[in-house]
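Under my numbering, the letters of the sequence shown match residues 1364 to 1589, in that order.
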Amino acid sequence: MAGQLSTNSTDHAHALARQVRKLRETRGWSREHLAIEAGISLSTLARLESQSVAQPGFFTVGAVAEALNVSLDDLFRSTRTNPGLWSAGYEGRDIDSFVASLLDHGIDMVADVRLTPISRKPGFSKSRLGEALSQAGIQYTHLRALGNPKDNRAPFWDGRVNVGQARFRDILRSAEAQSDLNRLTEQAVQSRVAVLCFEKDEERCHRKVVLDTVRERIVVEVQSLS
């Protein structure tokens, strides 16, 4: 599986890295520029922004906050985001606007529930998508067992959605699907996860069944990725 679900101990570092990068890019600064302003090495800043350190040094973070002209309290407060699930369809999107929307919503991880994560849309095949998300500080995982088989896609497309959903619920009873559902459920209580498939309208997509199934297990808010 490309990417492991994170544990709660690293969530803070992920959020901090994302916030530092967002503030830097909002100012139009390069990493080199921020490193100079903060008086730290470029490699130190790169590790901070890429989440390579689970507990970045206090003085390092303080120097970065001062360079960005934000208080430490403001910087750390911005990393405290509520966990939950987002329904994400990339139909009609390009990769840049999609990643930007993920960042706007503070998404920590994209859980790809396509059976085969390939796409004719540039940037949305597994390897390219994973690279784009990594650069944005967002984790990626492919939950293949939560993918919809080819022979169950027609009902979602031709108006027999109830038929497709019923069959897919049967598919979710498999041991492999239950394992991936457990992983997704565990992550949803720890961080902000976007469940990804192609269709913009989740009513025409099997991911709605995935999201509903998780909601049957835990109390979690599910929002649409705008």
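Glycine included, C-beta positions come from ideal geometry on N, C-alpha and C.
Selection from the options that minimises the alpha carbon distance to residue i
i, options, result
"Thr1504", "Pro1512, Gly1510, Gln1498 and Gly1493", "Gly1493"
"Leu1506", "Thr1479, Arg1390, Asp1521 and Pro1485", "Thr1479"
"Glu1562", "Ala1428, Ala1380, Ser1482 and Leu1408", "Ser1482"
"Ala1430", "Ser1460, Arg1578 and Gly1402", "Gly1402"
"Arg1546", "Arg1523, Arg1580 and Arg1532", "Arg1580"
"Leu1465", "Ser1497, Ser1413 and Val1476", "Ser1497"
"Ala1380", "Leu1408, Thr1389 and Arg1578", "Leu1408"
"Asp1459", "Pro1446, Phe1487 and Leu1438", "Phe1487"
"Arg1593", "Asp1457, Cys1568, Ser1413 and Phe1422", "As displayed, the chain neither begins before 1364 nor continues past 1589, which places residue 1593 out of reach and without an answer."
"Thr1389", "Ile1534, Thr1423, Asn1432 and Ala1376", "Asn1432"
"Phe1421", "Val1585, Ala1376, Ala1540 and Gly1455", "Ala1376"
Proximal residues to residue i (C-beta, below 8 Å), its chain only, five neighbours per side dropped
i, result
"Glu1565", "Ser1450, Gly1452, Lys1571, Leu1574 and Ser1587"
"Ser1406", "none"
"Trp1392", "Glu1400"
"Arg1394", "Arg1387, Leu1405, Leu1408, Ala1409 and Glu1412"
"Asp1457", "Lys1484, Pro1485 and Gly1486"
"Val1583", "Pro1446, Gly1447, Leu1448, Ala1551, Val1552 and Val1577"
N- and C-terminal bounds of the beta strand (DSSP E) containing residue i
i, result
"Gln1528", "Counting along the chain, Gln1528 falls outside any beta strand (DSSP E), though it belongs to the alpha helix (DSSP H) covering Val1524 to Ile1534."
"Val1558", "Arg1555 to Cys1560"
"Thr1423", "Looking at the DSSP string, Thr1423 is not in any beta strand (DSSP E); the run it does join, the alpha helix (DSSP H), is Phe1421 to Leu1431."
"Ala1538", "Segment Ala1538 to Ala1551 is the alpha helix (DSSP H) holding Ala1538; no beta strand (DSSP E) there."
"Val1476", "First-last for Val1476: undefined, no H or E at that position."
Own chain partners of residue i with C-beta closer than 7 Å, once the 5 adjacent residues on each side are dropped
i, result
"Ser1434", "Ala1428"
"Thr1576", "Leu1535 and Leu1544"
"Val1548", "Rather than Val, the amino acid found at residue 1548 in this sequence is Thr. So the list reads Val1577, Arg1580 and Ile1581, once near-sequence residues are dropped."
Residues near residue i in its chain [Cβ-Cβ closer than 6 Å; skip 5 each side]
i, result
"Gly1366", "Low confidence applies to Gly1366: its pLDDT is 44, below 50, so where it sits in the model is not reliable, and the reading given next is rough at best. Once the five neighbours on either side are set aside, the close Cβ partners of Gly1366 are Gln1502, Tyr1503 and Thr1504."
"Ser1589", "none"
"Ala1398", "Leu1405 and Leu1408"
"Ala1474", "Thr1504, Leu1506, Leu1547, Val1556 and Val1558"
"Asp1471", "His1377, Ser1554 and Arg1555"
"Ala1508", "Glu1539, Ala1540 and Asp1543"
Short CB-CB distance (under 8 Å) between residue i and chain C
i, result
"Gly1447", "Of the chains in the structure shown, none is chain C; there is only one protein chain."
N-terminal and C-terminal residue of the alpha helix (DSSP H) that residue i is part of
i, result
"His1396", "Arg1394 to Ala1401"
"Leu1408", "Leu1405 to Glu1412"
"Gly1493", "Lys1489 to Gln1498"
"Val1577", "Arg1570 to Arg1580"
"Val1462", "Ile1458 to Asp1467"
"Ala1517", "Ala1517 to Trp1520"
Buried or exposed by the 16-neighbour rule on C-beta atoms within 10 Å, applied to residue i
i, result
"Gln1382", "buried"
"His1396", "exposed"
"Gly1510", "buried"
"Ala1307", "With the chain represented from 1364 up to 1589, any question about residue 1307 goes unanswered, as that position is not in the structure."
"Phe1519", "buried"
"Gln1550", "buried"
"Ala1538", "exposed"
"Ala1463", "exposed"
Legend entry - Cβ contact check for the segment 1552-1561 and the segment 1514-1533: 3 or more pairs under 8 Å: no
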